[in-house]
Amino acid sequence: MFDKLVARTTVLGSTVWDKARRKFSSNHGKCSGSSAAAPSTEPRSHSSAPSDTSRRSFFQFAASAAAACSLIELRAIFEQHALAEELTGLPQRPVPAEEPLYPLTYDHGGAVLWGIDSFTKNLRSAVAWLERYPSFKIGLDNEAYIYDLLTEQHPAVLEELRGCLKRFPGRLAIGTATYGQPLSCFINEESNIRQLEYAREVNQRMFGTTPPVYAMSEHAMHCQIPQLLRGIGFEGALMRTHFQMYGYNPTFDEPIGRWIGLDGSSIPAVPTYKGEGAEFFKTTEDNWILTRYPGPECHESLVDFRKKFARIHPTVASRVDDGGLRREELVKEYEGKPGYRWILLEELLGALPDPEAELHTAPNDFILRMPWDTVATKSGTAAVKPRFPC
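Under my numbering, the first residue of the sequence shown is numbered 12, with each subsequent residue one higher.
As structure tokens, this is what we get:
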């Protein structure tokens with residue numbers, strides 16, 4: 012590989028060398044890691060170099076970087092598509108100028124744990140952002156139980172929600188997929204079906220619509236989800252666990268594929284990308300950006316996310332997280348910015364190519380651990396009773 016680099020750079024000539032050296036000096040320390048949530052505590056595996064880097068040290072660095080950096084990062088260093096592909100042996104088409112990155116954001120919440128006051132506050136905050144930023148879109152990932160509760164105890168809040176949905180069609184949407192937001196691996200088969208069916212019935216009764224794509228905040232994924240979603244009437248799935256306290260999913264380097272269930276059922280699904288995040292008590296990388304950038308906990312932007320996953324065409328950056336965890340500064344920064352288009356679950360499948368890849372998953376591909384509140388305590392207290400009749 013070193014010989015290829017020397018030979019190829021010699022052919023390119025001194026002009027390219029000067030440009031490549033300047034790029035190397037400014038970008039050599041920016042090969043991104045694979046940490047999904049917080050900045051990595053591991054030391055960088057490559058060393059720094061002064062701005063007056065010699066040709067010899069440049070060549071030495073480039074030869075080692077070819078194995079350590081992604082293709083998009085090599086392009087950033089060399090500004091030569093053909094050279095980068097020759098070094099890595101990984102063909103990859105450039106991102107078309109007209110192809111946007113699709114940010115998708117949903118507020119996770121509900122009556123249980125959060126309460127009605129929190130729900131109302133987050134709803135009004137979302138509406139204020141919709142008023143201020145014309146390109147912004149947002150959805151609501153509440154348990155369906157809250158809508159029944161609003162009907163019985165807070166009808167004025169329910170009417171406020173309905174009014175907001177009518178006021179912002181195509182920009183504010185219901186993303187509720189289950190009745191009680193369960194950790195689906197820890198409930199039985201009948202409860203899995205009821206959670207989905209009850210939610211769709213409530214959505215239709217309350218709002219006359221229900222999300223076509225299954226998306227969840229915490230771990231509600233397993234290898235029989237395609238079969239269940241098909242049977243209930245979903246058109247697609249977002250195979251991502253955005254907050255991975257209790258589990259995470261297998262990863263695939265595809266923009267979309269056909270998620271194959273154990274019985275052979277399949278459903279179009281946007282997967283978790285390789286390197287996007289698969290670790291207990293972390294979030295996916297894009298969820299972290301969409302909840303904490305810009306801020307002291309996150310300096311990585313959507314621009315950085317797009318570069319890291321430039322091999323995926325097109326790229327979806329998704330957040331399904333607590334309503335209080337979103338950053339108006341991010342929305343303001345990307346308002347009207349070319350190459351970035353907010354999207355809702357209703358638009359997701361239409362924005363992506365037809366699924367061709369087969370995403371096969373087996374039971375042990377979904378890594379999980381038991382939630383704390385289902386285990387008896389040392390004092391002999393029984394497991395927590397179900398909160399919902401599912």
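The beta carbon of each residue, even a glycine, is placed where N, CA and C say it ideally should be.
For Arg330, the pairing in a beta bridge is given by DSSP as Thr116.
Excluding its 5 nearest sequence neighbours in each direction, Thr262 has C-beta neighbours in its own chain below 8 Å: Pro282, Thr283, Tyr284, Lys285, Gly286, Glu287, Ala289, listed in chain order.
Residues Phe292 of the same chain have their beta carbon placed closer than 6 Å to that of Met256, with the five preceding and five following residues left out of the count.
Secondary-structure assignment with DSSP links Ile185 through a beta bridge to Leu151.
The residues Tyr117, Gly150, Leu151, Asp152, Pro222, Ala226, Leu356, in chain order, have a CB closer than 7 Å to that of Gly186 in the same chain once the five nearest residues on each side in sequence are set aside. Between the alpha carbons of His253 and Gln164 lies a gap of roughly 31 Å. Under the three-pair Cβ rule at 8 Å, the stretch 295-302 does not count as touching the stretch 268-282. A straight line joining the alpha-carbon of Glu142 with that of Ser276 spans about 42 Å. The stretch 186-254 contains, as complete alpha helix (DSSP H) runs of 4+ residues, the segments 200-218, 236-243 (chain order). The residue from Leu194, Thr220, Glu308 with its alpha-carbon nearest to that of Ile378 is Leu194.
Contact between the stretch 323-333 and the stretch 244-253 is present: three or more C-beta pairs spanning the two stretches fall below 8 Å. Leaving aside the five residues that flank Arg317 on each side, the residues in its chain whose CB is nearer than 7 Å to its CB run, in chain order, Leu112, Thr326. Judged by their CB atoms, Trp353 and Pro114 are nearer to each other than the 8 Å cut-off. Looking only at Glu201, Pro279, Val314, the smallest Cα-Cα distance to Leu360 is reached by Pro279.
A distance below 7 Å between beta-carbons, with the five flanking residues on each side excluded, links Leu160 to the following residues of its chain, in chain order: Ala122. A direct Cα-Cα distance of roughly 6 Å separates Arg303 from Cys309. Of the residues assessed, Thr220 falls on the exposed side of the cut-off, its CB having fewer than 16 other CB atoms within 10 angstroms. DSSP, reduced to helix, strand and coil, places Ser129 within a helical segment of the structure shown. Listed in chain order, the non-local C-beta contacts of Gly334 below 6 Å within the same chain comprise Asp118, Gly120, Asn133, local neighbours out to five positions each way being set aside.
With a threshold of 16 other beta carbon atoms within 10 Å, Arg380 falls short and is exposed. Under the three-state reduction of DSSP, Pro282 is assigned to strand.
In the three-state scheme derived from DSSP, where H, G and I count as helix and E and B as strand, Leu176 is classed as helix. In the structure shown, Tyr144 adopts coil according to DSSP, grouped into three states. In terms of CA proximity to Asp332, Glu229 leads the group Pro180, Glu229, Val314, Ser136.
Burial is judged here by how many other beta carbons sit within 10 angstroms of a residue's own beta carbon; Pro237 has at least 16 and is buried.
When DSSP states are grouped into helix, strand and coil, Leu160 belongs to the helix group.
Distance from Leu240 to Asn203 at the Cβ level is roughly 11 Å; contact not present, criterion being Cβ atoms closer than 8 Å. Around the CB of Pro366, 16 or more other CB atoms lie within 10 Å, so the residue is classed as buried. In the same chain as Glu311, and ignoring 5 residues on each side of it, the C-beta atoms closer than 7 Å to its own belong to Ile300, Tyr304, in chain order.
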